[in-house]
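Just below is one structure, and these are the notes that go with it.
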Amino acid sequence: MVKIGNIELGDFPLLLAPMEDVSDPPFRALCKEQGADVVYTEFVSSEGLIRNAAKSVMKLDIYEKERPVGIQVFGANLDSMLQTIDIVAESKPDIIDINFGCPVKKVVSKGAGAGILKDVCLMEQLTAEMVKRTNIPVTVKTRLGWDHESIRIVEVAERLQDVGCKAIAIHGRTRAQMYKGNADWKPIAEVKNNPRMHIPVFGNGDVDTPEKAMEMRDNYGLDGAMIGRASIGNPWFFKQVKHFFETGEHLTPISLEERVEAARRHLQMSIDWKGEILGVFETRRHYTNYFKGIPHFKEYRTKMVTSDRPEDVFAAFDEVLDVFADYQFS
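Taking our numbering, the leading residue of the sequence shown gets 2, the next gets one more, and so forth.
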């Protein structure tokens with residue numbers, strides 16, 4: 002049984018990764034329904050939060066049906082991060098996660114996200130002080146290192162554990178790699194195999210098939226998999242992995258009807274949460290992804306991403322269901 006603090010997560014939990022502009026409440030709800038064991042919010046800026054920036058505050062919205070749910074925060078200033086802990090705690094998340102891995106330039110340039118990989122002592126200090134500030138389990142998501150020459154992840158993970166981190170998720174790339182090349186899970190396995198480690202070690206990066214999730218579990222011995230890009234347009238990925246684990250067989254391909262229904266629900270939940278304008282605009286990347294692979298789809302994708310009125314998008318969904326009724330996903 003894998004546990005974060007006192008939260009029991011099963012034998013090999015599947016976690017929805019925190020993704021900017023992706024893992025909002027509507028998407029988290031869909032992933033949760035399809036088998037995600039833990040879901041994380043989009044990352045929240047500590048500086049934005051303490052300044053009461055509307056976008057940052059909105060990211061603190063969590064709902065009972067999502068639990069266990071983690072709120073992820075990022076920053077490099079200790080005072081700001083401690084104030085953030087106090088604000089985040091009011092939303093009553095099950096987990097508070099610290100982002101020490103985002104490779105995006107605007108985050109890194111402020112010394113936050115993966116930028117902090119250049120200063121392991123600061124990583125340790127921030128984690129230690131945030132753990133002291135709250136009774137909510139604090140976890141960390143990070144990368145192997147800043148670049149290939151500075152990988153010290155076994156030492157880093159142990160130091161974070163020793164100051165109270167309750168779990169660590171590690172993306173198998175350095176910051177220098179961004180998202181290029183293949184993720185390297187071997188250093189993550191070295192963290193897990195460190196005899197001094199006793200907290201869960203989750204792997205992240207390139208888990209895009211049930212077979213890879215099984216490889217991460219059986220060949221690398223990790224405690225769970227954090228799923229990111231593979232879930233975009235496919236919230237069923239969690240169910241697909243669990244079905245494969247249980248039966249050794251692939252789940253029947255998700256039907257067009259199921260995809261249209263998911264797109265409809267996703268859009269409606271987004272409208273209910275953000276309002277019509279933002280709900281339609283900010284969900285476009287999602288509902289077009291549900292139909293990836295359908296040939297000659299450009300006309301319908303264009304309708305979906307250029308329509309500003311919900312009723313027009315819903316009508317496009319109906320049209321897809323009618324026009325491609327005989328299409329079979331593989």
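For every residue, glycine included, the Cβ atom is placed at its ideal position computed from N, Cα and C.
Straight-line measurement puts the Cα of Arg174 at about 10 Å from the Cα of Gly102. Here Lys4 carries a strand assignment [DSSP, helix/strand/coil]. By the neighbour-count definition (other C-beta atoms within 10 Å, threshold 16), Thr253 is an exposed residue.
The criterion of a C-beta distance shorter than 8 Å is not satisfied by Val105 and Val132. Just measuring C-alpha positions, the residue of Pro94, Tyr288 and Asp185 sitting nearest Val261 is Tyr288. For Ile255, the closest C-alpha among the options Gln329, Pro296 and Thr143 is that of Gln329. With respect to the 8 Å criterion, Pro69 and Ile96 are classified as neighbours on the basis of their beta carbons. Relative to Asp98, the option among Ala168, Met270 and His199 whose CA is nearest is Ala168. For Ala30, the uninterrupted alpha helix (DSSP H) run begins and ends at Pro26 to Glu34, by DSSP. Counting only the Cα atoms, Ala158 lies some 46 Å from Pro311. Cβ contact annotation for Pro138 (same chain, cutoff 6 Å, sequence separation greater than five): Ile5, Gly6, Ile96 and Lys167, in chain order. Look at Ser256 here: in three-state DSSP terms it is coil, with no helix or strand label. Burial state of Gln73 is buried, judged by a 10 Å Cβ sphere holding 16 or more other Cβ atoms. In this chain, Leu16 is not harboured by any alpha helix (DSSP H); it is covered by the beta strand (DSSP E) spanning Leu15 to Leu17. Met227 carries a strand assignment under DSSP once its states are collapsed to helix, strand and coil. For the 8 Å CB-CB criterion, Met270 and Arg285 do not form a contact. Inter-residue distance for Ser151 and Lys213 is about 27 Å (C-alpha atoms, whole angstroms). Residue Tyr301 holds the alpha-carbon nearest to the alpha-carbon of Leu322 among His149, Tyr301 and Asp309.
It is roughly 4 Å from the alpha-carbon of Val109 to the alpha-carbon of Gly116. The DSSP-derived three-state label of Thr307 is helix. Under the three-state reduction of DSSP, Glu9 is assigned to strand. For the options Leu257, Leu161 and Gly225, the alpha carbon positioned closest to that of Val242 is the one of Gly225. With a threshold of 16 other beta carbon atoms within 10 Å, Tyr291 meets it and is buried.
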